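The structure under discussion appears below in the form of structure tokens.
In structure tokens, the structure reads:
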């Protein structure tokens, strides 16, 4: 009886095996898919927990570069209708008032003009790379940039660089919209202006854009002194034109500003209203973080790359090659006595070598790197 039971189980097992065999590949594929989904879910969870944001979502509210002096506090107090004597004896009262204004008022350094005699620079840098440095905006500037690009696009530039670090803050909203329209689809709403009485006005892109192709990135150079209309342009181009911001966080006062110079040399910047972007976000109150951060904000109008095609004026000159002093330790078979004379020559060459704009250099490096990336990497 026991033997019959064993034979029955064997025959039953063989029958089940023969019946299931055609379905084994499908079952195996289903199990493999389930395991792959579980692994992917675990990997995405680990990446979400460990990943850092590309740029900070929120930065601290802008603060003065240095504490308010008593005389500055008294001047600001009189401008806003406060007691100047009380503010001079306690500058902290005005400092707190500025910090709590959400960007509507701020004391800062005026825009430092590296080259006051060159308010406008347009050059085709080696690469080639289109470069514009903007100080004053408006319809005339937009038309000039259109003519530049019409001549340069035939040479298929790697990209375009818009330098806003010297952009003056108190320019009109109309002038800012003219510059934005060069990089945004016609008819698209750029931003909405709300005056102190609550009336709103929407600004749209109303100019024929330059028509940068998807393979021509736009890099915008920004810095801590950028505020007002220039900061407004940087925000719009980042949101609407996919521009890459490179530099340091801005001042956090995007919009239409009034600038009043104080006796100390610094300025009081006051908003004439507020700018509202898509989604109801107010422009002033928080600095605009760059996509690519540079540790220093010092830049000089001088040689960047050898060569260049000029439309207005040229900043380029031949640079003598130098050997950095720290490289002397890499030389083999030579003693220090033999190296010392050459170091004197290096110092002489260093004195003649014009300083370089590191922000513009990094922007050029970025555009060259993007051109070398495969399409999947860019996406």
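In our numbering, the protein residues as written are 136 to 514.
For each residue, glycine too, the CB sits at the ideal point set by N, CA and C.
Quick caveat: nothing in here was measured; it's all calculated off a predicted structure.
Starting from residue i, follow the alpha helix (DSSP H) in both directions and report where the run begins and ends.
| i | result |
| --- | --- |
| residue 268 | Taken as a continuous stretch (DSSP letters only), residue 268 belongs to no alpha helix (DSSP H), being part of the beta strand (DSSP E) at 264 to 269. |
| residue 303 | First-last for residue 303: undefined, no H or E at that position. |
| residue 319 | Per DSSP, residue 319 belongs to no alpha helix (DSSP H) and is neither H nor E. |
| residue 499 | 493 to 507 |
| residue 372 | 364 to 375 |
| residue 342 | From DSSP, residue 342 is part of no alpha helix (DSSP H); its letter is neither H nor E. |
| residue 385 | It is not in any alpha helix (DSSP H) - residue 385 carries neither H nor E in the DSSP assignment. |
| residue 421 | First-last for residue 421: undefined, no H or E at that position. |
| residue 205 | 205 to 214 |
Measure the alpha-carbon distance for residue i versus residue j and round it to whole angstroms.
| i | j | result |
| --- | --- | --- |
| residue 278 | residue 428 | 31 Å |
| residue 359 | residue 342 | 29 Å |
| residue 299 | residue 268 | 6 Å |
| residue 446 | residue 394 | Its pLDDT being 37, under 50, residue 446 is placed unreliably in this model, and the value from its coordinates should be taken loosely. If I take the Cα positions, the gap works out to 32 Å. |
| residue 495 | residue 216 | 43 Å |
| residue 208 | residue 226 | 5 Å |
| residue 326 | residue 337 | 6 Å |
| residue 228 | residue 275 | 44 Å |
| residue 250 | residue 244 | 17 Å |
| residue 391 | residue 256 | 24 Å |
| residue 219 | residue 413 | 40 Å |
| residue 291 | residue 280 | 16 Å |
| residue 306 | residue 254 | 14 Å |
| residue 328 | residue 321 | 19 Å |
| residue 236 | residue 261 | 45 Å |
| residue 505 | residue 348 | 14 Å |
| residue 221 | residue 213 | 10 Å |
| residue 492 | residue 383 | 14 Å |
| residue 324 | residue 315 | 11 Å |
I need the boundaries of the beta strand (DSSP E) containing residue i, first residue and last residue.
| i | result |
| --- | --- |
| residue 354 | 353 to 357 |
| residue 243 | 240 to 243 |
| residue 287 | Note, residue 287: premise wrong, no beta strand (DSSP E); alpha helix (DSSP H) at 274 to 287. |
| residue 336 | 335 to 339 |
| residue 402 | 402 to 406 |
| residue 395 | 392 to 396 |
| residue 296 | 295 to 298 |
| residue 410 | 409 to 411 |
| residue 329 | 324 to 329 |
| residue 382 | 379 to 382 |
| residue 234 | First-last for residue 234: 226 to 234, but that is the alpha helix (DSSP H), not the beta strand (DSSP E). |
| residue 256 | 255 to 260 |
Would you say residue i and residue j are within 7 Å of each other, going by their C-beta atoms?
| i | j | result |
| --- | --- | --- |
| residue 297 | residue 355 | yes |
| residue 366 | residue 389 | yes |
| residue 304 | residue 362 | yes |
| residue 319 | residue 265 | no |
| residue 246 | residue 403 | no |
| residue 501 | residue 293 | no |
| residue 419 | residue 238 | yes |
| residue 381 | residue 425 | yes |
| residue 357 | residue 385 | yes |
| residue 310 | residue 273 | yes |
| residue 301 | residue 270 | yes |
| residue 399 | residue 204 | yes |
| residue 387 | residue 331 | no |
| residue 284 | residue 259 | no |
How close, in whole Å, do the beta carbons of residue i and residue j come, if the pair is a contact with beta carbons under 8 Å?
| i | j | result |
| --- | --- | --- |
| residue 352 | residue 317 | About 15 Å; that fails the 8 Å criterion. |
| residue 405 | residue 240 | 5 Å |
| residue 364 | residue 308 | 7 Å |
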